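Protein sequence lines correspond, in order, to chains R and P.
Note that the working numbering numbers the first sequence so that position 110 is 137, with each residue one more than the last.
Note that the working numbering numbers the second sequence so that position 79 is 86, with each residue one more than the last.
All C-beta atoms, glycine included, are put in the ideal place defined by N, C-alpha and C.
What you are looking at is a predicted structure, and each value in this text was computed from that prediction instead of being measured.
In what follows, a structure is listed as structure tokens, so that the remarks can point back to it.
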Amino acid sequence: MATLLQVRGLKTQFFTQDGIVSAVNGIDFELNEGETLGIVGESGCGKSVSVLSLMRLIPSPPGKVVGGEAMFQGRDLLRMDNEEIRSVRGNKIAMVFQDPMTSLNPVLTINQQVSEALELHLNMDKKQARQRTIELLDLVRIPDATNRIDDYPHQFSGGMRQRVMIAMGLSCNPQLLIADEPTTALDVTIQAQIVDLVKQLKEEIGMAVIWITHDLGIVAGLADRVNVMYAGYIIESADVKDLYASPRHPYTLGLLGSIPRLDAEIKTKLTPIDGLPPDLIEMDAGCPFAPRCKFAIDRCLQENPKLETVGRRHVVACWVDVAGGKR
Amino acid sequence: MAEGEILVEVKNLKMWFPITQGIVFQRHIGDIKAVNGLDFFVRRGETLGLVGESGCGKSTTGRAILQLYRPTGGDVLFEGQSLCTMKGEPLRHMRRKMQMIFQDPYASLNPRMTVGDIVGEPLEVHNLMSGKALRDRVMDLLEVVGLNRYFINRYPHEFSGGQRQRIGVARALAVQPDFIVCDEPISALDVSIQAQIINLLEELQKQFGLTYLFIAHDLSVVRHISDRIAVMYLGKIVELTTRNQLYDNPLHPYTQALLSAVPIPDPAVEEKRKRIILTGDVPSPANPPKGCHFHTRCPVYIAGTCDVEEPEFVDIGNEHWVACHRARPDRTQS
């Protein structure tokens, strides 16, 4: 498989009154064509900021991408001029946002909103765009699309709006669909519908997907690879099966241990991760997870570990080998 | 778990919200039947989980039990006394025994009050303590929920989500209640913090013998914390049983679909799982479908029965209540 996206040393900071917030601290990752990458982490770990940086959607000021490169089909997304990035955004790379209630414009009909990208990127006329919009709504399984195309967003439920967002994302046959917590605002049965839909569409269209979430459960059933992020760093990255079968970072291990599983025996007590995520303004020199880590040694407080290979396509940033033995 | 004194009993509870039209003269044109005839009880010392999707009426149920909304119909008995007919001072007195923990730790604490004022307010309102005794009690409460006792003079904005939720828990505990309604207490928190709060709630239950009504939409969490679980759909309970029965032998098609929709954090398991994917969305509670409310989305509905006749909520044995024509042994032949 060919590499579709290669990110090297991506670093994004926000310059605020309280100081410099290092939201993304030099991350590297790759994505192959047709692959699904899950980015997992808690709020404030930099998962959304990292993809917004790629799309050049970081509000500036206060935010700024201060370093790195992101090669997409041989061109650096971070160094394109505005004209160029606009031709990529919504065309080759599409994005679906978390909140389907606020990401659609309430005063425009569904047709107007979906057609916009078609007219802009594919130079379709109104009639063609309308026809294609109906096809797209059919594709995301909106019943009776021909009649519902002129409805307004408030006439759709949350799950249906998220389908419309996905239809908009798919309108220009993107090579990459970035989904930023697309199901967090939805109920579990609707979430199952959306996950199922994206899986099927991926097969049909053959696009790559980056799926951002805090739910380790969704990623398990959806992704090929997973990046786990903490405090602006990727701290572990592996193929999905390896990550769940042999997590190597104490944070990944802690996350998996702290959620009750529907199919597991009922434990008397959960094992939470103690403490709180660090303040991204004043980060110490050591590993950002060290203050909450059960395995921390002296070295963890002084030196931040780099990602190292520990298995086939499995990298982890930790001085201690939690699986036992020395690294 | 068949024994134990019944602490809260809910009888045919109804909570309707009127829909009105017109600006000057508000004509009553219909009702949102948020909760439409619930029957269940909670035993002393147990945790009853209440699950369902958004809009199914689970939070309304919690609030109607505590008389934060006055129910439209039915009754709530607390220690055998009817709350719905109670007013004024006797009701105020009862409120000491039942408290609530809210979902959003950012919206449920007054930003202009110190932690001491927030946690101490219930004690003052009920004239239980004042002065130094109050202050000492608040400090003790903060320690009970795992906060530093000297946080008493701080303001809510100085705390993280998890810490704020602990403040909310301390406030609920202040008047030494018997019964606490936990309305999605962890859904606004990060994954690594959720387990901290769940463990805290469980410890407190053991320590003080508390009874919980635990409202949530996350079935894995509910399974972890509850003794018995009720599943709600569109203002009605469709299934209620012990946690093991519900997960091992779910009888209502909605429960089955709900369970199968919960993702499991294990790729090997996810690969083999069969999902029941429900089509469509939850209908509007202003105009619920005829017959069984679930029949419009039900994968196994019986034409001519489910869309005409509303199934009764009956005990089919072993403390397993279910409202489904399919689940009735005497009906399945038809």
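Sequence-distant residues of the same chain with beta carbon closer than 7 Å to residue i, five excluded per side
i: R/Asp178; result: Thr136 and Ile137
i: P/Gln172; result: Pro112, Pro192, Leu196 and Ile204
i: R/Gly233; result: Gly61
i: P/Phe158; result: Val122 and Leu149
i: P/Glu128; result: none
i: R/Gln33; result: Glu57 and Met98
i: P/Glu60; result: His224 and Val289
i: P/Asp46; result: Val17, Lys18, Asn19 and Phe320
i: P/Pro318; result: Cys299, Ala330, Cys331 and His332
i: R/Ser80; result: Leu37, Thr39, Val51 and Val92
Residues near residue i by beta carbon distance below 6 Å, same chain, minus five either side
i: R/Ala29; result: Glu60
i: R/Ala355; result: Because residue 355 of chain R is not part of the residues shown, which for chain R are 28 to 354, the question remains open.
i: P/Phe170; result: In the sequence as presented, Phe is not what sits at residue 170 of chain P; that position holds Gln. Closer than 6 Å at the Cβ level, and outside the excluded window around P/Gln170, lies no residue.
Proximal residues to residue i (C-beta, below 8 Å), its chain only, five neighbours per side dropped
i: P/Thr343; result: Summary: the structure shown does not reach residue 343 of chain P, with chain P confined to residues 8 through 341, and so no result is reported for it.
i: P/Cys63; result: Met239, Tyr240, Leu241, Gly242 and Val289
i: P/Tyr254; result: Arg230 and Leu266
i: R/Arg46; result: One point to set straight first is that residue 46 of chain R is Gly, not Arg, in the sequence displayed. Contacts found: Ile308 and Glu309.
i: P/Arg161; result: Thr121 and Val122
i: P/Asp322; result: Trp328
i: R/Val115; result: Phe99, Leu104 and Met107
Alpha-carbon spacing of residue i relative to residue j, whole angstroms
i: P/Leu201; j: R/Gly71; result: In the sequence under discussion, the amino acid at residue 201 of chain P is Gln, which differs from the Leu named in the question. Computed Cα separation, rounded: 16 Å.
i: R/Asp171; j: P/Pro260; result: 26 Å
i: P/Leu84; j: P/Leu73; result: 11 Å
i: R/Cys320; j: R/Leu282; result: 12 Å
i: P/Lys94; j: P/Pro25; result: 23 Å
i: P/Arg102; j: P/Asp225; result: 28 Å
i: P/Leu116; j: P/Ile125; result: 7 Å
i: R/Glu231; j: R/Asp165; result: 14 Å
i: P/Glu16; j: R/Ser184; result: 35 Å
i: R/Thr240; j: R/Ala317; result: 23 Å
i: R/Leu31; j: R/Asp103; result: 12 Å
i: P/Glu53; j: P/Lys279; result: 35 Å
i: P/Ile35; j: P/Gln28; result: Checking the displayed sequence, the identity of residue 35 of chain P turns out to be His instead of Ile. Going by the C-alpha atoms only, they are around 7 Å apart.
i: P/Glu277; j: R/Ala250; result: 11 Å
i: R/Ser154; j: R/Gln139; result: In the sequence as presented, Ser is not what sits at residue 154 of chain R; that position holds Lys. Looking at the two C-alpha atoms, the distance is approximately 12 Å.
i: P/Gln33; j: R/Leu131; result: 32 Å
i: P/Ala268; j: P/Arg156; result: 42 Å
i: P/Val228; j: R/Glu292; result: 13 Å
Residue i Cβ short of 7 Å to the ligand GTP heavy atom set
i: R/Ile308; result: Summarising the ligand content, the structure contains no ligands, and the ligand GTP is consequently not present.
Amino acids of chain R, ordered along the chain, whose beta-carbon sits closer than 8 Å to that of residue i
i: P/Ser167; result: Leu303
i: P/Val269; result: Val215, Gly244 and Leu289
i: P/Arg282; result: Ala219 and Asp223
Neighbouring residues, chain R, relative to residue i (Cβ below 7 Å)
i: P/Leu285; result: Thr216
i: P/Ser61; result: Asp214
i: P/Pro272; result: Leu243, Gly244, Ala247, Tyr271, Leu283, Ile286 and Arg288
i: P/Asp82; result: Near P/Asp82 there are no residues of chain R at all, since even the closest Cβ is about 30 Å away, more than 7 Å.
i: P/Leu98; result: The premise fails here: P/Leu98 is roughly 34 Å from chain R at the closest Cβ pair, so nothing lies under 7 Å.
i: P/Glu317; result: Those do not exist, as P/Glu317 stays about 22 Å from chain R at its closest Cβ, beyond 7 Å.
i: P/Val276; result: Asp290
i: P/Leu265; result: Val215 and Thr216
Where residue i meets chain R, residues with beta-carbon distance less than 9 Å
i: P/Ala181; result: Here the premise fails: no neighbours, minimum Cβ distance about 24 Å.
i: P/Glu53; result: Result: empty, since nearest Cβ-Cβ is about 15 Å, beyond 9 Å.
Burial state of residue i (16 or more Cβ within 10 Å)
i: P/Glu96; result: exposed
i: P/Asp273; result: buried
i: R/Met256; result: buried
i: P/Gly216; result: exposed
i: R/Gly65; result: buried
i: R/Thr43; result: exposed
Contacts of residue i in chain P (Cβ-Cβ under 7 Å)
i: R/Asp178; result: The contacting residues do not exist; R/Asp178 stays about 14 Å from chain P at best.
Residues that residue i contacts on chain P, provided the C-beta gap is smaller than 8 Å
i: R/Thr298; result: Ala202
i: R/Gly186; result: Asp288
Proximal residues, the segment 190-224 of chain P versus chain R, C-beta separation under 8 Å: Asp197, Val198, Ser199, Ile200, Gln201, Ala202, Gln203, Ile205, Asn206, Glu209 and His224
Within 9 Å of chain P by C-beta, residues of the segment 319-339 of chain R in sequence order: Arg319
Positions along the segment 229-246 of chain P whose CB lies within less than 8 Å of some CB in chain R: Arg230 and His231
Contact list for the segment 229-258 of chain R against chain P, Cβ threshold 9 Å: His241, Asp242, Leu243, Gly244, Ile245, Val246, Ala247, Gly248, Leu249 and Ala250
Members of the segment 64-82 of chain R that neighbour chain P once the beta carbon cut-off is set at 7 Å: Glu69 and Ser70
Interface positions of the segment 263-284 of chain R facing chain P (Cβ-Cβ less than 7 Å), listed along the chain: Val267, Lys268, Tyr271, Gly281, Leu282 and Leu283
Residues of the segment 80-100 of chain R with Cβ closer than 8 Å to any Cβ of chain P, in chain order: none
Interface residues of the segment 141-175 of chain R facing chain P [CB-CB below 7 Å]: none
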